[in-house]
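Mapped onto the UniProt record's numbering, the consecutive letters of the sequence shown carry residue numbers 1 to 476. Yeah, the Cβ is synthetic: ideal placement off N, Cα and C, and Gly gets one too. Shown next, in structure tokens, is the structure this report addresses.
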Amino acid sequence: MAPKVPAPTEILKFEGSLDYPIENRIDDWGLNPEQQETYVELFRRRLVLEKLWDPDEQDFFMLRRFLRARTYDLDKATKMFHDHIIWRKDHHVDTILQDFYFAERDNFLAAYPQGYHKLDKQGRPVYIQLIGKINVPAIMECTNEERMFKFHVQEYERCVKVIMPVCSKLANRKIDQTFGIMDVRGVGISALTGDVKRMLMKFTKTDQDNYPEMLGHICIINAPAIFRMVWTVVKGMIDIRTQQKIEILGPNYMDALLKHMEIDAIPEFLGGNSKGTLLDDVGPWNDTELMARLQIDLEALRVGRHRHPHPAQQLPQARSFGRPSGDGSFITPQVSMVPSLPSGTGAAGHALGPGNGAAGGVAQAAIAQLTTITEARSRTLVERVKAIEAKLPLKQDKLRTVQTLRDGVSVRSAPEGSLLNRLDVAEEALDVVLSAQETLITQLEQQAAEIQALKAAQSRLQEQAAHAAQGCCTIM
């Protein structure tokens with residue numbers, strides 16, 4: 001859990017907007033609702049003195065998120081909020097919903113599949129990323145870093161000012177966090193060039209400094225064994241509260257996912273009953289009839305947007321802000337870019353985020369650091385496996401039996417426990433994620449060198465994990 005915060009010496013009432021009741025429970029920092037309200041009011045008074053208080057823009061729950069990101073430390077939270085206001089002015093964030101037009105949206109999402117899809121059982125918007133399908137060269141062909149950054153920020157603003165207010169209205173309580181699903185099936189070695197690493201740091205720092213405490217929980221599905229191994233190492237470096245937000249699941253993830261979502265809210269491409277793609281942005285924020293029935297005024301939620309017509313076409317004058325379309329709409333509120341090799345090269349690309357995170361944080365660091373460890377040695381391991389397989393008698397291939405998987409793909413497998421079967425497993429792991437070489441070498445050669453590599457991974461992850469433990473992580 002987070003460090004306990006000293007109880008305030010007096011109880012104060014918050015003198016700002018508080019549209020929903022404070023949760024009637026002790027929070028992770030050990031404060032009851034009255035104590036939380038007191039700290040937020042003290043924080044508001046600090047902001048008034050610093051001329052940073054805007055009652056029309058900053059409600060109780062926004063201030064509480066910044067306080068919690070700094071463990072209710074008023075001095076640190078004030079400094080964080082001061083820097084946030086300067087950042088908003090420097091990047092014209094207050095008008096980015098109206099002013100920025102992302103014409104390349106469809107091509108971008110085709111190269112980086114992600115988006116919202118309905119709600120979880122707590123009423124939080126669900127954000128999904130298909131990490132293994134990312135194609136970084138295609139991303140770079142359709143846009144550039146500056147426009148990606150603006151789009152990234154614009155999506156945070158849409159989440160805060162449109163999606164979460166709609167979810168709050170439906171739940172009749174404050175919803176200010178998301179639920180993430182991150183599918184890492186097919187993730188491979190990343191091409192972490194200097195420019196990519198720099199961009200990753202920029203996106204992650206933006207999320208941590210300006211949109212804290214917005215992820216409630218994330219399920220990382222189809223995680224290979226090596227991913228779970230690295231997570232076992234990483235999670236020991238961070239606080240229990242952050243650990244509880246991250247759930248690492250293998251290919252049999254449905255039972256665990258159903259604890260958080262109804263089957264009708266899970267999209268068909270993940271095994272559920274809900275139709276629609278990530279391009280469709282399926283959710284109540286796009287149901288105009290529901291919004292009218294609930295008397296939710298989207299204009300009051302700052303959803304009006306005056307688009308600049310694309311040179312090749314005239315756009316409709318009126319359009320729902322929340323609904324994606326070919327004229328440039330939205331992806332995720334929590335995505336940090338970790339680009340990779342293009343799909344189809346034998347090692348599918350990956351990215352982790354916000355936002356889901358998508359989009360950053362500890363899970364993102366785990367994959368990024370793991371690929372750094374394995375990149376230099378993966379080629380050697382591939383050659384090693386091929387050399388061992390070449391020594392097998394050809395007649396042993398007849399021992400393989402044909403098996404059809406759920407997605408219709410046929411594979412041939414050898415008897416479990418045989419050397420041929422072990423090589424099949426090794427080759428499959430290489431196809432899924434080349435960074436699984438530690439496991440392969442342990443199974444085939446029991447090399448002590450791989451243990452040393454894993455220890456090196458732990459050392460390299462220490463700095464970022466320690467930062468996460470301080471409450472600055474995107475996923476917190």
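{"Item": "The beta strand (DSSP E) enclosing His217, as first and last residue numbers", "Value": "Leu215 to Ile221"}
{"Item": "3-residue-minimum beta strand (DSSP E) runs that sit fully inside the region 209-282, ordered along the chain", "Value": "215-221 and 246-248"}
{"Item": "Beta-carbon proximity of Ala171 to Gln122, cut-off 9 angstroms", "Value": "yes"}
{"Item": "Identity of the residues DSSP links to His117 by a beta bridge", "Value": "Val282"}
{"Item": "Stretch pair the region 90-104 + the region 252-264: three plus CB contacts closer than 8 angstroms", "Value": "no"}
{"Item": "Entirely enclosed alpha helix (DSSP H) segments - the region 41-90, minimum 4 residues", "Value": "60-69 and 74-90"}
{"Item": "Cross-strand partners of Gln129 (DSSP beta bridge)", "Value": "Gln114 and Met182"}
{"Item": "Cβ-based neighbour list, Gly272, same chain, cut-off 6 angstroms, excluding 5 preceding and 5 following", "Value": "Ile263 and Ile266"}
{"Item": "Per-residue DSSP class, three states only, for Lys101", "Value": "The question names Lys, but residue 101 is Tyr in the sequence shown. Looking at Tyr101 - three-state DSSP - the assignment turns out to be coil, as it is neither helix nor strand."}
{"Item": "Where Leu170 falls: helix, strand or coil (DSSP)", "Value": "helix"}
{"Item": "Backbone CA spacing between Asn286 and Lys161 [nearest angstrom]", "Value": "14 angstroms"}
{"Item": "Short Cβ contact (9 angstroms threshold) for Gly115 with Tyr127", "Value": "yes"}
{"Item": "For Met291 and Asp297, the rounded distance between their alpha carbons", "Value": "7 angstroms"}
{"Item": "At least 3 beta-carbon pairs within less than 8 angstroms: the region 223-234 vs the region 69-88", "Value": "no"}
{"Item": "Cβ-based neighbour list, Lys174, same chain, cut-off 7 angstroms, excluding 5 preceding and 5 following", "Value": "Tyr20, Phe61 and Ser168"}
{"Item": "Under the three-state DSSP convention, the category Lys205 falls into", "Value": "helix"}
{"Item": "Thr232 classed as buried or exposed, judged by whether at least 16 other C-beta atoms fall within 10 angstroms", "Value": "exposed"}
{"Item": "Residue from Asp209, Pro8 and Arg293 whose Cα sits closest to the Cα of Gly30", "Value": "Pro8"}
{"Item": "Exposed unless 16 or more other CB atoms sit within 10 angstroms - verdict on Pro165", "Value": "buried"}
{"Item": "Asp75 beta carbon less than 9 angstroms from that of Asp209", "Value": "no"}
{"Item": "Neighbourhood of Phe151 by C-beta, 6 angstroms cutoff - its chain only, sequence neighbours within 5 removed", "Value": "Phe102"}
{"Item": "Test item: CB-CB of Thr181 and Leu49 under 9 angstroms", "Value": "The identity of residue 181 in the sequence shown is Ile, whereas the question assumes Thr. No; because the gap between Cβ atoms is not below 9 angstroms, this pair is not in contact."}
{"Item": "Proximal residues to Leu249 (C-beta, below 8 angstroms), its chain only, five neighbours per side dropped", "Value": "Cys219, Ile220, Ile221, Asn222, Ala223, Ala256 and Leu257"}
{"Item": "Span separating the alpha-carbon of Pro47 from that of Thr78", "Value": "Looking at the sequence provided, one finds Leu at residue 47 rather than Pro. Spanning the two alpha carbons is a distance of roughly 7 angstroms."}
{"Item": "Val160, DSSP secondary structure in three states", "Value": "helix"}
{"Item": "When Leu119, Pro284 and Gln35 are compared against Val5, the one with the closest alpha-carbon", "Value": "Gln35"}
{"Item": "Proximity winner among Ile22, Glu41 and Leu18, relative to Glu10 (alpha-carbon distances)", "Value": "Glu41"}
{"Item": "Cβ-Cβ separation, Thr178 to Gly216 (assumed contact under 8 angstroms), whole Å", "Value": "6 angstroms"}
{"Item": "Backbone CA spacing between Asp106 and Asp54 [nearest angstrom]", "Value": "36 angstroms"}
{"Item": "Nearest-angstrom Cβ-Cβ length linking Arg65 and Glu289, presumed shorter than 8 angstroms", "Value": "About 32 angstroms separates the two Cβ atoms, so there is no contact after all."}
{"Item": "Arg45 to Lys133 span [Cα, whole Å]", "Value": "48 angstroms"}
{"Item": "Limits of the alpha helix (DSSP H) - the one that Thr288 falls within", "Value": "Thr288 to Arg293"}
{"Item": "Exposure of His92, with buried meaning 16 or more beta-carbon neighbours within 10 Å", "Value": "exposed"}
{"Item": "Of the listed residues Gln244, Pro284 and Gln243, nearest to His117 (C-alpha basis)", "Value": "Pro284"}
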